[in-house]
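The sequence shown begins at 3 in the working numbering and counts up by one. By construction, the Cβ of each residue, glycine as well, lies at the ideal position given by its N, Cα and C atoms. Okay, so here's the structure we're looking at.
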Amino acid sequence: MADIIQLLPDHVANQIAAGEVVQRPSSVVKELLENAIDAGANHIKLIIKDAGKTLIQVVDNGKGMSVTDARLSFERHATSKIKTADDLFDLHTKGFRGEALASIAAIAHVELKTKQAGEDIGTQINIEGSEVVSQEAVAVPNGTSLSVKNLFFNIPARRNFLKSNTVETRHIIDEFNRVTLAHPNIGFTMHHNGSEIFNLSISNKRQRLVNVFGSKTNEKLVPVEENTEVLNISGFVCKPEFAKKTRGEQFFFVNDRFIKSSYLNHAINGAFEGLLREGTHASYFLYLEVDPKTIDINIHPTKTEIKFDDEHTLYALLKSAVKHSLGQFNIAPVLDFDRDGNMDTPYNFKDREASNPVIEVDRSFNPFKEEKAVSNKGMSTTFKKEPVTSWESLYVGLESKSNDDTDTFSQMQFESEEVTPSIFDDDQNANKTFQLHNKYIVNTIKSGMLMIDQHRAHQRVLYEQFLQHITVKEAVSQQLLFPLALEFTNSEVAILDSLKEQLEQTGFVFSKLEKNEVEITGVPVSIVESNVSAVLEQLINDIENEVPDSHFSQTDLLAKSMAKSLAIKTGQRLTVQEQEHLVNSLFACKEPSISPTNKATFITMRVEDIDHKFN
Ligand code: ADP
Ligand code: MG
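Next up, the structure:
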């Protein structure tokens, strides 16, 4: 039988390697930034277009490459960083595998411009899908500029697999943050679609953290410092009261390289034991320095996981160092957290008593504004200020043109085909609602009884309203008396910016949406001003935590997130009128029976079922 084994051509081998090294635009960003750092640059520019799908460019002022090196850098296993296998165990550079540029050049259009200091003339090379299309001498500044265009142009499956621009931008910013936090001694800028997102000047670790995460970060940080023979630890943990619901701000750097380690994370959790609210995670930015000979970085193509010779010792040292810092900075072991009952999910509800009504003073109350808002909604009473409940939001999206508020309910249009008002008991007296434990609305229907989860039902109502506003028609915006200035980190602003259009369709009006500065002059009618910041924070959080494999639609996520934030909470008392209105609005929905997160909004109990229980 003839021999059947052949060697793969280089460009095929490169594409295969690219599959491991380059998963998405952010992987390219990481590799290029790391090359710039290895080249000794002290200023690095990152330029992105369309979340990296159109362009990723990194410009550095590092040592540049000679003509021959420039050409060789795109060969597989071409590296200047190690010479022998022994060097693998004494790494002082980020790169060493010599496959990043070869892989990237196999799956994109790449343009390299580079010049060494002391040379008069530099080199430009253009490569498309591993093929050199041109090489020439050019006049360029010292350093290197590498542009990667049309990523995955020759692998449509990978290109189609990419997520929305919001998600891919998020990944890029994450990668950028990891690199910039590891290297405060290097200046970085980042531009996306022409606007500057970060401008980080050379600084120390603390300043860098503040520049990346916003000025509020400073007060949250507790320094950690421990020097031992095997390990030096420096950096910060965040005070427990600032713990986040997400694991977003957890950073380990080992010898200036961001790494992931669930084992070391466990050590930090141990140090925080008893200090964190349930469901929250400690934030930390910890820089470990170890002898390069005691670690193996070469266990993963993306180099984010490493193996330590003596993990147990590191674990113990880390845990005690963090514990010590928390103790020293007077973070008492038992903290009594103020709990906001409104934030509770239905599952935490059990055992809670109905609370006494609280008198709330709305400082932003303006009788003139109110008059306008109220008359907009067709209420006959002017100057009547409702306590801050979701009462007003129940009216949002109501199509009734009536000026008589007693008519509002009876004029409700039922759109749903399957569920018509006829399921309700015809006997007028019987059709009364009743609220059970400030959680469920109970209603009689022909066949028996209906129990509605108030929080989920209202989510469904708001979700459909938001979707409609975003996709079909513009929502009404309620103008704020004074512009509302909010503080977000640069990366959070980038997320808001990518959702700007949809947010405006729901009724938000942004007068400013730039670095560190967000100013809002109008909000959707369903939002009370004091709630705006929480709603947007939740939205950013939801976008950040978007499950990677879910079928992602920004609009859908936005509608879901806002509905979740604004829906009547479990534990909130509703008047009979409010209850009835919610029930009517729910059954006017297209899909009344499930919440936006696919959970039942109501259950029915037939008379027979009840009879059965009495048997
Ligand atoms: P590695 O970084 O693992 O060595 P790469 O494929 O990323 O492999 O880069 C190959 C080589 O190209 C590097 O070893 C380096 O010599 C050179 N190189 C890449 N980027 C730059 C840069 N920005 N400045 C100077 N030299 C560079
Ligand atoms: Mg490299």
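{"query": "With DSSP as the reference, label ASP258 as helix, strand or coil.", "result": "coil"}
{"query": "Could you tell me if ARG279 is buried or exposed, where buried requires 16 or more neighbouring beta carbons within 10 angstroms of its beta carbon?", "result": "exposed"}
{"query": "Any contact of the stretch 144-152 with the stretch 109-118, i.e. 3+ C-beta pairs under 8 Å?", "result": "yes"}
{"query": "When the Cα atoms are used, what is the spatial distance from GLN540 to GLY66?", "result": "44 Å"}
{"query": "Where does PRO11 sit, in a helix, a strand or coil, going by DSSP?", "result": "coil"}
{"query": "Within the present structure, is the beta-carbon of PHE484 separated from the nearest heavy atom of the ligand ADP by less than 8 Å?", "result": "no"}
{"query": "The beta strand (DSSP E) with GLU531 in it runs from where to where?", "result": "Run containing GLU531: none; DSSP gives neither H nor E here."}
{"query": "Is it the case that the stretch 230-249 contacts the stretch 160-177, given that we only count it when at least three CB pairs across the two stretches are under 8 Å?", "result": "no"}
{"query": "Pick out whichever of ASP312, ARG575 and GLU546 has its Cα sitting closest to the Cα of ASN440.", "result": "ARG575"}
{"query": "Is the beta carbon of THR304 sitting closer than 9 Å to the one on GLN25?", "result": "yes"}
{"query": "Taking Cβ positions only, does GLU582 come closer than 9 Å to chain B?", "result": "Here there is only one protein chain, and chain B is not present."}
{"query": "Based on DSSP bridge pairs, tell me the residues matched to THR298.", "result": "Here the sequence assigns Asp to residue 298, which means Thr is not the residue at that position. DSSP output for ASP298 lists LYS309 as bridge partner(s)."}
{"query": "Mind listing, in chain order, the residues whose beta carbon lies closer than 5 Å to a non-hydrogen atom of the ligand MG?", "result": "ASN37, GLY97 and ALA102"}
{"query": "Can you check whether the CB of GLU291 is closer than 9 Å to the CB of ILE235?", "result": "yes"}
{"query": "Ends of the alpha helix (DSSP H) at HIS439?", "result": "Looking at the DSSP string, HIS439 is not in any alpha helix (DSSP H), and its letter there is neither H nor E."}
{"query": "Output the boundary residues of the alpha helix (DSSP H) element that contains GLY272.", "result": "264-273"}
{"query": "Which whole-angstrom value describes the C-beta separation of ALA284 and ASN300, a residue pair presumed to lie in contact below a C-beta threshold of 8 Å?", "result": "About 30 Å; that fails the 8 Å criterion."}
{"query": "Are there 16 or more other CB atoms within 10 angstroms of the CB of MET628, so buried, or fewer, so exposed?", "result": "The question about residue 628 has no answer, for the chain in this structure spans 3 to 617."}
{"query": "Along the alpha helix (DSSP H) that carries LEU277, what are the first and last residues, could you check?", "result": "Careful: LEU277 lies outside any alpha helix (DSSP H) and carries neither H nor E."}
{"query": "Straight-line CA distance for THR606 to ILE454?", "result": "9 Å"}
{"query": "Measure the alpha-carbon distance for LYS1 versus LEU57 and round it to whole angstroms.", "result": "With the chain covering only 3 through 617, there is no way to say anything about residue 1."}
{"query": "What residues are listed by DSSP as bridge partners for ALA487?", "result": "GLU521"}
{"query": "May I ask you to report which of helix, strand or coil DSSP gives ARG99?", "result": "coil"}
{"query": "Going by CA-CA distance only, name the one from HIS185, LYS566, THR572 and LEU164 that's closest to SER28.", "result": "LEU164"}
{"query": "CB-CB under 7 Å to ASP499, same chain, minus the five flanking residues each way: which ones, in chain order?", "result": "LEU515"}
{"query": "Considering only residues of the stretch 122-202, which uninterrupted alpha helix (DSSP H) runs meet the minimum length of 4 residues and lie entirely inside it, listed in chain order?", "result": "158-163 and 167-184"}
{"query": "Nearest to THR473 by CA position, among THR557, GLN437, ASP5 and SER528, is which residue?", "result": "THR557"}
{"query": "By DSSP, does THR70 sit in helix, in strand, or in coil?", "result": "helix"}
{"query": "Roughly how many whole angstroms lie between the Cα atoms of GLU506 and LEU10?", "result": "52 Å"}
{"query": "So, at 7 Å on beta carbons, what are the nonlocal neighbours of VAL478 in its own chain, with the 5 sequence-adjacent residues on each side left out?", "result": "GLY509 and VAL527"}
{"query": "Consider the C-beta atom of ASP62 and the heavy atoms of the ligand ADP; say whether any pair is separated by less than 8 Å.", "result": "yes"}
{"query": "May I ask you to report which of helix, strand or coil DSSP gives LYS571?", "result": "coil"}
{"query": "Tell me, please, whether the stretch 442-458 touches the stretch 570-585 by the rule of three or more beta-carbon pairs shorter than 8 Å.", "result": "yes"}
{"query": "Run through the DSSP bridge pairs and tell me what ASP455 is partnered with.", "result": "TYR442"}
{"query": "Would the beta-carbon of GLY145 be found less than 8 Å away from any heavy atom of the ligand ADP?", "result": "yes"}
{"query": "Are PHE260 and ARG180 close, meaning C-beta to C-beta below 9 Å?", "result": "yes"}
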